Amino acid sequence: MIYELNHVGAFVKDAEKSVDFYTRILGAQVVREAMIPATNTKCIYVQLAGGMIELLAPGDLSSRSVYGFDHVAFSTDSIDRDFESITAAGYKPLVQPKVAGSGHGRIAFLSDPNGVRIELIERDDTYRKPEKTSDILSFDHISLLANDLEAAEAFYGGQTGMTVLKRFYLEPPRDLTMVYVNHGYDVIEFLHRKEPQAGDLIGHIALRVANVDAMAEKLSAQGVAFEPGSPKNAGTGLGRVAVFRGPDGEKIEILDRSDLRDL
Numbered sequence: 001m002i003y004e005l006n007h008v009g010a011f012v013k014d015a016e017k018s019v020d021f022y023t024r025i026l027g028a029q030v031v032r033e034a035m036i037p038a039t040n041t042k043c044i045y046v047q048l049a050g051g052m053i054e055l056l057a058p059g060d061l062s063s064r065s066v067y068g069f070d071h072v073a074f075s076t077d078s079i080d081r082d083f084e085s086i087t088a089a090g091y092k093p094l095v096q097p098k099v100a101g102s103g104h105g106r107i108a109f110l111s112d113p114n115g116v117r118i119e120l121i122e123r124d125d126t127y128r129k130p131e132k133t134s135d136i137l138s139f140d141h142i143s144l145l146a147n148d149l150e151a152a153e154a155f156y157g158g159q160t161g162m163t164v165l166k167r168f169y170l171e172p173p174r175d176l177t178m179v180y181v182n183h184g185y186d187v188i189e190f191l192h193r194k195e196p197q198a199g200d201l202i203g204h205i206a207l208r209v210a211n212v213d214a215m216a217e218k219l220s221a222q223g224v225a226f227e228p229g230s231p232k233n234a235g236t237g238l239g240r241v242a243v244f245r246g247p248d249g250e251k252i253e254i255l256d257r258s259d260l261r262d263l
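The numbering of the sequence shown is this note's numbering, which starts it at 1 and goes up by one.
In structure tokens form, the structure reads like this:
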């Protein structure tokens, strides 16, 4: 059975640069470091508030053409049973269950209905540590493009055990449906428009802070470049948001509304 959303995974070109960015700039803590000998890949888990990012730095940069967010990982107590059950329900298998490249536990990969890579993990440690006090109040959500919203809700609800927290609809010209689902602490946001959208399937991660404008000023002083128009009022009318990018182009949003569970 799947019992948690464990992390969002990202491929990075420079492990030291990425770790410095997430720890020194954003206040994350390193909770796990390992190597994948077969591909000479560094594997580093950083924890921001209560959420985790897996940073994967290949030894051969030419082995990949795309860097940034790559997959969403769920922990299970029976990888063989869950992989068989999910693929039997019609979802596309990508990598059969096998020993993890680091040697710790077993992993498998499959695709969600919109093409997002989903990792299943079976191991004896989640790697989570007690939260470290920082400017990041919580790891608010992982945002996914959901051109087929109904199928996304069916997959994450029926196959991973996530439940709906909130729904928002932004009127035209935005014409955007936003659905939030959670598995305990961790939240996924689905973004859906009537017309199919192109772009990154894992669009961004969002971090909740006390005051977006103050945090944007602090990050700007440390060399973080914000997207034009940031900070701005959130489309939902709940607080303010600002957007910037990590070292490999991964999009990061800061927001200062209340936790979704309190709305």
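Using N, Cα and C, we set each Cβ at its ideal position, and we do this for glycine too. These numbers were taken from a predicted model, which means no experiment stands behind them.
Asked, Found
"Look at the Cβ atom of residue 116, then the Cβ atom of residue 153, and state whether they are nearer than 8 Å.", "no"
"Taking buried to mean at least 16 other C-beta atoms within 10 Å of its own C-beta, is residue 133 buried or exposed?", "exposed"
"Mapping DSSP to helix, strand and coil, what is residue 221?", "helix"
"Can you name the start and end residues of the alpha helix (DSSP H) that residue 157 belongs to?", "149-158"
"Any Cβ of chain D within less than 8 Å of the Cβ of residue 184?", "Note that chain D does not occur in the displayed structure, where there is just one protein chain."
"Does the beta-carbon distance from residue 74 to residue 10 come in below 8 Å?", "no"
"Does the contact criterion of 3 or more C-beta pairs under 8 Å hold for the stretch 41-58 versus the stretch 118-132?", "yes"
"Counting only the same chain and skipping the five closest in sequence on each side, list residues whose C-beta sits under 6 Å from that of residue 170.", "176, 235"
"Can you tell me where the alpha helix (DSSP H) holding residue 83 begins and where it ends?", "79-88"
"Give every residue of the same chain whose Cβ lies closer than 8 Å to the Cβ of residue 249, excluding the five residues on either side of it in the sequence, and list them in chain order.", "67, 68"
"Could you pull out every residue in the same chain whose Cβ sits closer than 7 Å to the Cβ of residue 61, ignoring the five residues on either side in sequence?", "13"
"Would you grab the beta carbon distance between residue 222 and residue 53 for me? Rounded to a whole angstrom, and I think it's under 8 Å.", "At roughly 19 Å, the Cβ-Cβ gap does not stay under 8 Å, so residue 222 and residue 53 are not in contact."
"With contact counted as at least three CB pairs below 8 Å, one residue from each stretch, are the stretch 238-252 and the stretch 202-211 in contact?", "yes"
"In terms of residue numbering, what span does the beta strand (DSSP E) encompassing residue 241 cover?", "240-245"
"Considering only C-alpha positions, which residue in the set 102, 81, 27, 58 is nearest to residue 35?", "102"
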